[in-house]
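For reference, the structure discussed in these notes is given below.
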Amino acid sequence: MESQRSFWLHLGWLLAVLLAFTGAFGQTYVMMPDSTNNRLVLFDPETGSVVNNNLFGLAGGTPLHALQVGNEIWVSEQLGDRVSRWSLTGDFLGALGPSGLDNIRGMALIDGVLYVTNAGTANGAPGAAIVKFDASTGTPLGFFSTAGLAPSPFGILRDGETILVSSASANDDIHRFDLNGNSLGTFHNSTALNFVEQMAFDADGNILAAGFSSNNVVVLDRDTGAILRSFSAPGARGVFQLRNGNILWTNSSGAHVYNPSTGTSTLVYAGGGRYLDLLALRVEGDINGDGCVDDADLLQVLFAFGQTGAELPEDVNGDGVVDDADLLVVLFNFGQGC
Ligand SMILES: [Ca+2]
Ligand SMILES: [Ca+2]
Ligand SMILES: [Ca+2]
Ligand SMILES: [Ca+2]
Numbered sequence: 611m612e613s614q615r616s617f618w619l620h621l622g623w624l625l626a627v628l629l630a631f632t633g634a635f636g637q638t639y640v641m642m643p644d645s646t647n648n649r650l651v652l653f654d655p656e657t658g659s660v661v662n663n664n665l666f667g668l669a670g671g672t673p674l675h676a677l678q679v680g681n682e683i684w685v686s687e688q689l690g691d692r693v694s695r696w697s698l699t700g701d702f703l704g705a706l707g708p709s710g711l712d713n714i715r716g717m718a719l720i721d722g723v724l725y726v727t728n729a730g731t732a733n734g735a736p737g738a739a740i741v742k743f744d745a746s747t748g749t750p751l752g753f754f755s756t757a758g759l760a761p762s763p764f765g766i767l768r769d770g771e772t773i774l775v776s777s778a779s780a781n782d783d784i785h786r787f788d789l790n791g792n793s794l795g796t797f798h799n800s801t802a803l804n805f806v807e808q809m810a811f812d813a814d815g816n817i818l819a820a821g822f823s824s825n826n827v828v829v830l831d832r833d834t835g836a837i838l839r840s841f842s843a844p845g846a847r848g849v850f851q852l853r854n855g856n857i858l859w860t861n862s863s864g865a866h867v868y869n870p871s872t873g874t875s876t877l878v879y880a881g882g883g884r885y886l887d888l889l890a891l892r893v894e895g896d897i898n899g900d901g902c903v904d905d906a907d908l909l910q911v912l913f914a915f916g917q918t919g920a921e922l923p924e925d926v927n928g929d930g931v932v933d934d935a936d937l938l939v940v941l942f943n944f945g946q947g948c
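Taking the working numbering as reference, the numbering of the sequence shown is continuous, increasing by one, and the terminal residue is 948.
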């Protein structure tokens, strides 16, 4: 009886605290390689403010796009002609390339396959193409050419069962392909947008595109590719829709937050601005190992509450008993990695 009563007391207390703290401890960031200072920078995905101006140092070679691949961060190095692999704490783990890669830019992870934009022909690389790798093993999976369609591919964005490929030189500014590299036609090609680098979805499901030479960020209709609106963004490279409605964008001066209400941009980080992408840090408390600390982990601790023994997965702190201390670890990491 006593243990049951204790259980329900704990459950009530737990839910009360949970309601107060849910969402407050999410550990998702926007990450960006700083290609001037060669380091990885973290921003708040809600506001765009800098969270960490040096998570860890990068190898150089003009790091352009950092992408989370499981528990690693993979960074395309444009002049390094390789994709360097890093642990979440900055240990160098190796690289894809330089064999088969030359002058690479943006990347995408699609159904376990890494898609890398490639422009050059050194190192046996295929010229204007998307080069593919198995993201689990790093094994090369061949390439498809984008020559004549996206002659200098710079960015790649999955859109359903298709991909959009941006290009530094027309035609096209942005071309649509299927996942096997078959052309699905022009997505956008005009004089209002030139030398397109990163693309991203905006809050309405339309396409943001950074125009490096047209000095703007444009919003393109997802279906028609028509320009819906744009704002001034000199030498724009990276772009990301923030949760508060503003837009984080980057150029050679650093990172800026554009506020659509005022029509102005504010510099939030000074350095070599490049592509922006999400990073979800894994943390303690993910008992079932699915990468996310949530209700499932919480329930697992609750139902094991009071158990003693070695090697209990719910005994997060490893002291041989499942108790309040373990609950707290799950609680204070709740929402992380989700
Ligand atoms: Ca090269
Ligand atoms: Ca153009
Ligand atoms: Ca979990
Ligand atoms: Ca314990």
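Just so it is clear, CB atoms sit at the ideal spot from N, CA and C, and this is done for glycine as well. Just so it is clear, the structure is predicted and the values come from calculations on it, not from any experiment.
Asked                                                                                                            : Found
Range of the contiguous beta strand (DSSP E) that encloses A880                                                  : T874 to A880
Nearest neighbour of P750, chosen from M642, A735 and A813 [CA to CA]                                            : A735
Straight-line gap, R786 to G928 (C-alpha atoms, nearest Å)                                                       : 52 Å
Cβ neighbours of A780 in the same chain (closer than 6 Å, five flanking residues each side left out)             : N799
V939 burial status per 10 Å Cβ neighbour count (16 or more: buried)                                              : buried
beta-carbon V903 near ligand 3 non-hydrogen atom, thresh 7 Å                                                     : yes
heavy atom of ligand 4 below 7 Å from D896 C-beta                                                                : no
Cutoff 6 Å; reference L767; Cβ partners in own chain excluding five residues on either side                      : L774 and M809
Close-in-space but distant-in-sequence residues of the same chain around G633 (CB under 8 Å, 5 per side omitted) : For G633, the predicted structure reports a pLDDT of 39, less than 50, and the residue's modelled location is therefore unreliable. A value from the coordinates is still provided. Excluding residues within five positions, the ones whose Cβ falls inside 8 Å are G945.
Given N681 as reference, the closest of A865, N804 and L891 once Cα atoms are compared                           : L891
Cβ shell of R695 (< 7 Å), same chain only, five flanking positions each side left out                            : E682, W684, L703, G704 and A705
Same chain, Cβ closer than 6 Å to L937, five either side skipped, listed in chain order                          : V911
Best match in K742, V660 and L650 for proximity to R692 [C-alpha to C-alpha]                                     : K742
Simplified DSSP assignment, three categories, for D907                                                           : helix
Own chain partners of A843 with C-beta closer than 6 Å, once the 5 adjacent residues on each side are dropped    : N826, V827 and W859
Nearest neighbour of T747, chosen from L724, A760 and M717 [CA to CA]                                            : L724
Distance cut-off 7 Å: N825 Cβ against heavy atoms of ligand 2                                                    : no
Buried or exposed (CB count within 10 angstroms, at least 16 for buried), D933                                   : buried
Sheet register partners of S776 (DSSP bridge)                                                                    : G765 and I784
heavy atom of ligand 1 below 7 Å from A739 C-beta                                                                : no
Complete runs of the beta strand (DSSP E) confined to the stretch 830-894 [at least 3 residues]                  : 837-842, 848-851, 857-861, 864-869, 874-880 and 887-890
Ligand 4 heavy atom lying under 7 Å from the CB of N927                                                          : yes
Supposed close pair S824, L852 - CB separation, criterion 8 Å                                                    : So it is not a contact: roughly 22 Å between Cβ atoms.
Reduced DSSP secondary structure (H/G/I, E/B, other) of D934                                                     : helix
Residue range of the beta strand (DSSP E) that includes F754                                                     : P750 to S755
Beta-bridge partners of N826, as assigned by DSSP                                                                : G821 and S842
For V939, three-class secondary structure by DSSP                                                                : helix
Candidates I857, F764, L838 and M642: closest to T876 by CA position                                             : I857
Contact test: N728 Cβ vs ligand 1 heavy atom, cutoff 7 Å                                                         : no
Selected residue, minimal CA-CA separation from G864, among R884, A820 and S776                                  : R884
7 Å CB neighbourhood of L668 in its chain, flanking five on each side removed                                    : P643, N648, R649, L650 and V685
Between the CA atoms of D769 and G737 - distance to the nearest angstrom                                         : 24 Å
Ligand 2 heavy atom lying under 7 Å from the CB of T756                                                          : no
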